[in-house]
Amino acid sequence: MTVIAFRRPRPARPVNWCASCGQDFTSLEYFDRHRVGEHGLDWPEHENGRRCLDIDELGASGFRRDDAGHWFDPARAQRASYALGGSTDRPAKGRNGERKAAA
Ligand SMILES: [Zn+2]
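If you want it as structure tokens, here you go:
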């Protein structure tokens, strides 16, 4: 069994918690992004084996922790916010390009 040094205990209210490394993510997409390597190959026996990004790699990939300790990607979250019409200075466009009234 491989012990990963940065493994954290399961949080009281996990969102997308990884049982391998103990990190928790605000979305399944972010969870998936922290898993790298080829399926079917064990790491570290295989250099390209399936594993979790470590904390330094998460930071280098643009991930940050929110106040609750969940990992998220601020740049991705910002793009999603613009796409959904939230947190932007300009009014959001509807499906057909019409401007939506402020809520
Ligand atoms: Zn993990």
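For reference, each letter of the sequence shown is one residue, going 19 to 121 in the numbering used here. We treat Cβ as the ideally placed atom computed from N, Cα and C, and that holds for glycine.
Inset, instruction - Buried or exposed for Gln96, please, with buried defined as at least 16 other CB atoms from any protein chain shown within 10 angstroms of its CB. - result: exposed
Inset, instruction - Kindly confirm or deny that the region 84-100 and the region 38-54 touch, where touching means at least three C-beta pairs closer than 8 Å. - result: yes
Inset, instruction - Go ahead and pull the three-state DSSP assignment for Leu46. - result: helix
Inset, instruction - Can you tell me which of the three DSSP states Asp74 falls into? - result: helix
Inset, instruction - Compute every distance between the C-beta of His52 and the non-hydrogen atoms of ligand 1, then say whether any falls below 7 Å. - result: yes
Inset, instruction - Check the C-beta distance from Arg68 over to Leu59 and give it rounded, since I have them as a contact under 8 Å. - result: 6 Å
Inset, instruction - Say yes only if the C-beta of Ser38 is nearer than 7 Å to one or more non-hydrogen atoms of ligand 1, and no if none qualify. - result: yes
Inset, instruction - Given a cut-off of 8 Å, decide if Arg53 and Cys166 are closer than it, judged by their beta-carbon atoms. - result: Lying outside 19 to 121, the shown extent of the chain, residue 166 is not represented and no answer is given.
Legend entry - Delimiting residues of the alpha helix (DSSP H) encompassing Ala86: No alpha helix (DSSP H) contains Ala86, which DSSP labels as neither H nor E.
Inset, instruction - Could you tell me whether any non-hydrogen atom of ligand 1 is closer than 7 Å to the CB of Gln41? - result: yes
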